[in-house]
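All remarks here apply to the structure that follows.
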């Protein structure tokens with residue numbers, strides 16, 4: 110997909126571009142999706158928080174050096190306003206071994222409409238016990 | 110503090126009212142701070158997500174039945190717009206035993222300006238390893 114199109118997309122498109130950049134281990138594409146704001150926050154599952162572009166970039170660089178992360182965001186719950194989108198998703202992480210996961214990952218992704226377009230201002234992921242809960246009604250409605 | 114004042118406060122005041130309601134184990138005051146929106150999300154540390162008023166209320170009711178939670182939000186990083194406030198804090202939880210904590214809690218709190226005033230739409234808390242990091246400069250500037 111042409112980068113310019115992604116960068117002018119809706120919050121849903123920016124979110125798709127985010128997970129796409131992770132899958133491709135494309136650090137530059139990933140970092141362009143974040144707001145130009147030193148108060149941006151990124152929290153990886155079970156980790157301390159990272160604040161600002163340098164800390165966030167450095168950590169993603171380390172993670173993506175090991176290869177792409179194949180994550181399917183599912184079961185979206187969203188609150189949208191004209192200038193804000195607050196998304197909460199279950200991050201379905203595809204592992205090499207196809208075992209029943211004993212934990213699942215929850216992520217809150219917050220997007221603001223900036224002068225440059227919709228951008229990520231916060232990504233907060235955490236580990237929850239057990240497999241991801243089923244949400245049959247929401248799945249049917251949203252996907 | 111009179112409830113009406115808190116309910117018309119700024120995001121910072123709503124956040125203060127939130128932690129105050131937890132300390133007093135005041136479920137009604139706590140739930141009044143949430144947006145009137147079934148997409149509101151609450152994630153307790155290490156737990157699965159809760160979506161909507163009923164699930165969030167029921168879980169807080171169970172937690173607060175054991176007594177108030179004395180939490181001091183520290184090291185605020187915030188992004189504010191006219192209608193949105195995204196706060197990230199370290200939740201300093203006061204335990205009975207004054208031991209050096211082996212973990213700390215990070216929370217993302219998102220507030221929207223609704224017709225009723227500023228309200229919480231998302232609370233995402235997670236556990237991070239080690240004691241809370243020191244942020245001397247931010248501490249000096251913000252507190």
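Protein chains in written order, with the working numbering: chain A, 110 to 252; chain B, 110 to 252.
Glycine residues also receive a C-beta, built at the ideal position from the N, C-alpha and C atoms.
Here the structure is a predicted model, which is why all the values come from computation and not from measurement.
For residue 182 of chain B, the secondary structure class from DSSP, reduced to helix, strand or coil, is strand.
Boundaries of the alpha helix (DSSP H) harbouring residue 162 of chain B: 162–173, taken from the DSSP string. With fewer than 16 neighbouring CB atoms inside 10 Å of its own CB, residue 240 of chain A falls in the exposed class.
If the five residues before and after residue 193 of chain B are omitted, its C-beta is found closer than 8 Å to the C-beta atoms of 219, 220, 221, 222, all from its own chain and listed in chain order. Spatial neighbours of residue 232 of chain B in its own chain (CB-CB distance under 6 Å, excluding positions within 5 residues in sequence) are listed in chain order as 151, 218. Chain order gives the chain A residues near residue 187 of chain B as 148, where near means a beta carbon separation below 7 Å. Close CB contacts of residue 180 of chain A within its chain, under the 7 Å cut and outside five residues either way in sequence, are with 128, 131, 200, 201, 202 (chain order). Beta-bridge annotation (DSSP): residue 238 of chain A is paired with A/212. Measuring C-alpha to C-alpha distances from residue 123 of chain B to each of B/174, B/182, B/165, B/210 identifies B/182 as the nearest.
Within 10 angstroms of the beta-carbon of residue 242 of chain A lie fewer than 16 other beta-carbons, which makes it exposed.
Boundaries for residue 200 of chain B: no alpha helix (DSSP H) harbours it, while the beta strand (DSSP E) harbouring it runs 193–202, taken from the DSSP string.
A residue is called buried once 16 or more other Cβ atoms fall within 10 Å of its Cβ, and residue 167 of chain B, having fewer, is exposed. Taking CB atoms only, residue 242 of chain A has a neighbour in chain B less than 8 Å away. Apart from the 5 residues on each side of it in sequence, residue 173 of chain A sits with its Cβ closer than 6 Å to the Cβ of 134, 136 in its chain, given in chain order. Contact of residue 197 of chain B with chain A by beta-carbon distance below 9 Å involves 148, 150, 152, 158, 160, 231, 233.
With contacts defined as CB atoms closer than 8 Å, residue 157 of chain A and residue 187 of chain B fail to qualify as a contacting pair.
Boundaries of the alpha helix (DSSP H) around residue 123 of chain A: 120–132. The continuous alpha helix (DSSP H) containing residue 137 of chain B extends over residues 136–141. Residue 152 of chain A: member of the beta strand (DSSP E) spanning 150–152, first to last residue. Here the alpha carbons of residue 144 of chain B and residue 144 of chain A stand approximately 25 Å from one another. Using a CB distance cut-off of 8 Å, residue 202 of chain B does not count as an interface residue toward chain A. Looking at the DSSP output, residue 226 of chain B shares a beta bridge with B/223. For residue 234 of chain B, the number of other beta carbons within 10 angstroms of its own is at least 16, and it is reported as buried. Within the DSSP secondary-structure output, residue 159 of chain B pairs in a beta bridge with B/151.
Look at residue 132 of chain B: its C-beta is not under 8 Å from any C-beta on chain A. For residue 190 of chain A, the closest Cβ of chain B is nearer than 8 Å.
At a beta-carbon threshold of 7 Å, none of the residues of chain A lie near residue 168 of chain B; the nearest stands roughly 13 Å away.
Residue 149 of chain A and residue 230 of chain A have their C-alpha atoms spaced approximately 5 Å apart. Residue pairing from DSSP leaves residue 190 of chain B without any beta-bridge partner.
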